[in-house]
Each structure stands twice: as C-alpha cells, then as structure tokens.
Amino acid sequence: MCMQLTGKMESHKTTITMAMSILLTWAASYIFTSAETDCTTVTTLISSCSTFISDGSPDPFPGSPCCEAMTSLNLISNSTDNRPFVCRCLMGLINTYTPNATAIATLPGFCGVSLGFTVDPNTDCN
Numbered sequence: 011m012c013m014q015l016t017g018k019m020e021s022h023k024t025t026i027t028m029a030m031s032i033l034l035t036w037a038a039s040y041i042f043t044s045a046e047t048d049c050t051t052v053t054t055l056i057s058s059c060s061t062f063i064s065d066g067s068p069d070p071f072p073g074s075p076c077c078e079a080m081t082s083l084n085l086i087s088n089s090t091d092n093r094p095f096v097c098r099c100l101m102g103l104i105n106t107y108t109p110n111a112t113a114i115a116t117l118p119g120f121c122g123v124s125l126g127f128t129v130d131p132n133t134d135c136n
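Here it is, written out as structure tokens:
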C-alpha cells in the first residue's frame, strides 16, 4: 500500500510540474508580446533559480523549475525586439548581485538554452 501511495504522489508531483511549466511558458509568451515590459518579470523568472544563485547548488537541470524559467526567458528573448531588453535586465541583475554573477551567467548552459547573447557583464546589449 505504501508503494502505491508513493507512486501516486510522484505522479501527482509530475502533473503539477508539467502544469507549472505550461503555465510559465504561456505567461511568458503572453507577457512578452512586446518589448514594453519591465525587468520585474525577468527578475521573477530568475528568482526560480535563487537557491543555485545564492548557494551554487544544487545545479539546475532541464525540467527543474529553474530551467523551466530559463526556457521561458529563452522564448522571450527569441524576439528581436525583446532580446536587448532581456539582456539589459540580466546585466542589471549581474551588476546588482556581483558576487553571484558567475552563477547567473551559467544558468542558460546548465539548462540547455541559448538566449541569443552571452550573459557576461561586458556584453553590449544593443
């Protein structure tokens, strides 16, 4: 009986994770239909990775909430209009959280996404 309960709980967790992924992706595509957005959304998405950014572990992996947020950020930055905006927001985060800049910069690679620009304090977002 315990095994059945554990299996049901894992199935429920998977369903919730998938639903959150779909919701994040939908919200990101809805919110970023134009470049007229503020950095709050980018910061909110990156905050899903706060444990990794502040502690350096555990490493994010594709499918984790952190990587789902990075996938949403990738969808947002796919737009030529939004890419410089997302870049500037991320550079602002790197400048604000300088001790954690490396962790922020490594997120796309860990999650297997490319934002269309290098996450580095020296990147020209224009």
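Note that our numbering has the sequence shown beginning at 11, numbered continuously upward.
Beta carbons: idealized from backbone N, C-alpha and C, even for Gly.
Separation of Asp48 and Leu103 (C-alpha to C-alpha, rounded to the nearest whole angstrom) is 13 Å. In the DSSP assignment, Asn132 falls outside any alpha helix (DSSP H), carrying neither H nor E. Around the beta-carbon of Thr81, 16 or more other beta-carbon atoms lie within 10 Å, marking it buried.
Residue state for Cys76 is assigned as helix, using DSSP reduced to three classes. With contacts defined as CB atoms closer than 8 Å, Phe127 and Arg93 qualify as a contacting pair.
Around the CB of Phe71, fewer than 16 other CB atoms lie within 10 Å, so the residue is classed as exposed. Sorting Asp65, Pro68, Thr106, Thr90 by C-alpha distance to the C-alpha of Thr53 places Thr106 at the top.
Per DSSP, Cys121 is one residue of the alpha helix (DSSP H) stretching across 111-121.
Ala111 and Pro131 do touch by the CB rule: their CB atoms are close to 6 Å apart, below 8 Å. Here the alpha carbon of Pro68 sits roughly 11 Å from the alpha carbon of Ser60. Within the same chain, Met80, Thr81, Asn84 come within 7 Å of Val123 by CB-CB distance, once the 5 residues on both sides are set aside. In the DSSP assignment, Thr106 falls within the alpha helix (DSSP H) that extends over 93-106.
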